[in-house]
Amino acid sequence: MFGLWYFSLALEEIRKRFGFINRIFIFFTGNDIPSNNPALTDTPPEQPCEESEQKAQVDPKPTTNDSATKPSGVEDLPKPVEEPPKPVPVPVQPKVEAPVKPAPPKPAPVAPVETKPAEVPKPIVEPAKPKVEVPAPVPAPVVKPEPVIPKEQPKPVSPAPKVPEPATNGHQTKPAVPEPSAKPAAPTSDAAVRPLKPTPVTEDGPMAASAAKAAAVELPASNEDSFIIVEQQKPKGPAAAPTPASVRNSTMDFLRAEGGRGTSAPAPAQVATPATRNKSDTMVDAAVMEKMEAGFAKLAASDSKSLLKKYLTKEVFDALKNKKTSFGSTLLDCVQSGFENPDSGVGIYAPDAEAYTVFADLFDPIIEDYHMGFKKTDKHPASDFGDVSTFGNVDPTGEFVVSTRVRCGRSMEGYPFNPCLTEAQYKEMEAKVSSTLSGLEGELKGKFYPLTGMEKSVQQQLIDDHFLFKEGDRFLQAANACRYWPSGRGIYHNDNKTFLVWCNEEDHLRIISMQMGGDLGQVYRRLVTAVNEIEKRVPFSHNDRLGFLTFCPTNLGTTIRASVHIKVPKMAKDYAKLEEVAGKYNLQVRGTRGEHSEAEGGIYDISNKRRMGLTEYQAVKEMYDGISELIKIEKSL
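So the sequence shown is numbered by my numbering: it starts at 590 and just counts up by one.
Following this line, the structure appears as structure tokens:
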């Protein structure tokens, strides 16, 4: 009873606090909640006053004796009533987050990579093996007929009488025929091979036998196309025969591959794609590589002021040290003179025309530096000698200028430069130059003198007169430009010795016009006439971008060097000042006997410095204007 009463009391208390419960009860039952205390029913539930609650709690006291303790317990009940709002947010939020977590297991199906089918090709290899074993018994029957046929064929010499019909030298062709016939033992078509062989044998036989003496005139025509330069890409087939003979006379390691070039002529593909060729042709000898490494280390440690040291960086050296031209020239052939002579101004030479392309990473910046900004994208202008009557006498009184000289260098088309030339080629070129110059007429008419037949006294006198060249200084010696000296070298001069041609000094040809005094106009006109006449008979090596090609990169382009031997005693007191003034007019100061020599008697050799990026006429004009200004300055001091 006590529990029932306590429950009804609690229910009434809840109804008081929450009036909407009474409305819900009436909605479902239609009756109001019964109450033991009529005062409670009359009390409106909307009064939130604490006093009305205390009255309701005091009224039921007379009903029972334990009413004094119960109201105290009732006051504790409202406290747990506040707990219901707490569980409402708790169950809703965690239930929503739980289903979101299954998202990460999605990459699980991606993980399994089905790479196991790679094992399928294994059984494919196995059936291929028995197929290869099947043709094994085929070579067995082939071996039997081979030894029988070749052994019987070389024994009968019956085909020999058929060969001498077209050949006049029958005795020479007979021993030559059996030698190649033994080689084609395997092929069955011997009849087709035999008539083809005697033809080259009869042609090559006399040429090889008399290559040194009797066939001296024929060799230039055949060997002219046996060597290749960058501009004339493809050598012809008939020129292949004489190249092996010339290679055998060579003592340089980089010429060993020259014979193969002459016969098979792979040069066209090499010139067309130099980068591809260089990648495949990296067989630089270990001795050459060792010498290159030692020379580079020596140059790097020196105080050299050469352009070679300036531009041959470690990166450039590593990029070029394994490259070779089609003539077999290596980087060492280009730079060894600069390695051995750290006092060089430039320190680099081109052993062949192709070197300017293969080793362009080194040549291009040196050319740009020396030729005053001639970049790798620039193009040398076409040859133009201009109006030869423009120039006059630079020193009419003869007070300063002792002599005037204008020269140009030329390389003969179809030949490499001096380091790659063989002794046979030196002689061929000498014979060709001699026959060409002997056809000159008028003021240019003269005589050719080979150095091999020139007396020492005559030779020295010509050197002292500044007509003839020496064997070569240490710079050219180190560059291998003096090999087989004096074979193939010579000089041509007219009767007045005002027109000279040097054969195989530094370049193939040095065409020189010179005379005493300062009449530059007359000297220049003579040179232009000679160059035009010689070029009609001997084609020159020329490049569309670099102009005329030469051994030294300083002479590229026009190759024109117009110079005077001049006395400037006042300016010569301060040589540095003289060079400074000359540099303003693009002039170069040298010793009396040329580069790397001293000034004798205060006489200097002053010439134009620029040779690329301008015409022949412009180069001579710079020298003419510059010398005129130097004379004015000397007079004013």
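Glycine is no exception: its CB is placed at the ideal position from the N, C-alpha and C atoms.
Residue i: first and last residue of the uninterrupted beta strand (DSSP E) it sits in
i	result
residue 1091	1088-1092
residue 1157	Element bounds for residue 1157: n/a, residue is neither H nor E.
Beta-carbon proximity of residue i to residue j, cut-off 8 Å
i	j	result
residue 936	residue 1144	no
residue 1112	residue 1100	no
residue 928	residue 888	yes
residue 1110	residue 987	no
residue 1070	residue 1008	yes
residue 1060	residue 1074	yes
residue 1161	residue 1197	no
residue 1206	residue 963	no
residue 1123	residue 1011	no
residue 1209	residue 1102	no
residue 976	residue 909	no
residue 1000	residue 1129	yes
residue 1020	residue 938	no
residue 1038	residue 1079	yes
residue 1200	residue 1147	yes
residue 955	residue 900	yes
residue 1223	residue 1159	yes
residue 1216	residue 1149	no
residue 1064	residue 926	yes
residue 1203	residue 931	no
Residue i - DSSP class collapsed to helix/strand/coil
i	result
residue 1053	helix
residue 1226	coil
residue 980	coil
residue 911	coil
residue 613	helix
residue 746	Any reading at residue 746 must be qualified, since the residue scores a pLDDT of 44, below 50, and its modelled position is unreliable; the value itself is stated next. Three-state result, residue 746: coil.
residue 945	helix
residue 965	coil
residue 997	strand
residue 1031	helix
residue 1197	strand
residue 1162	coil
residue 936	coil
residue 1228	Nothing in the structure corresponds to residue 1228, since the chain is present only between 590 and 1226.
residue 1149	coil
residue 1008	helix
residue 970	coil
residue 1040	helix
residue 598	helix
residue 1176	strand
residue 986	coil
residue 1060	coil
residue 1205	helix
residue 926	helix
residue 1168	helix
residue 893	coil
residue 1002	coil
residue 1212	helix
Expected contact under 8 Å - CB spacing of residue i and residue j to nearest Å
i	j	result
residue 1164	residue 1214	Between residue 1214 and residue 1164 the Cβ distance is about 22 Å, and since that is not below 8 Å, they are no contact.
residue 1125	residue 1083	No, residue 1125 and residue 1083 are not in contact; Cβ-Cβ is about 18 Å, not under 8 Å.
residue 897	residue 877	18 Å between Cβ atoms; not a contact.
residue 1153	residue 993	5 Å
residue 1004	residue 1097	7 Å
residue 1195	residue 1176	5 Å
residue 968	residue 1115	The pair is not a contact, with the Cβ atoms about 29 Å apart (cut-off 8 Å).
residue 1006	residue 1088	24 Å between Cβ atoms; not a contact.
residue 984	residue 965	So it is not a contact: roughly 39 Å between Cβ atoms.
residue 920	residue 912	7 Å
residue 1169	residue 1181	Their Cβ separation, rounded to whole angstroms, is 20 Å, which puts residue 1169 and residue 1181 out of contact at 8 Å.
The alpha helix (DSSP H) enclosing residue i, as first and last residue numbers
i	result
residue 886	875-890
residue 1013	1012-1026
residue 896	896-900
residue 918	First-last for residue 918: undefined, no H or E at that position.
Chain B within 8 Å of residue i, Cβ atoms only
i	result
residue 939	Judged by its chain identifiers, the structure shown contains no chain B, having just a single protein chain.
The ligand NAP heavy atom lying under 7 Å from the CB of residue i
i	result
residue 1191	This structure lacks the ligand NAP; in fact it carries no ligand of any kind.
Complete alpha helix (DSSP H) runs within the segment 1066-1133 (minimum length 4 residues, chain order): 1109-1126
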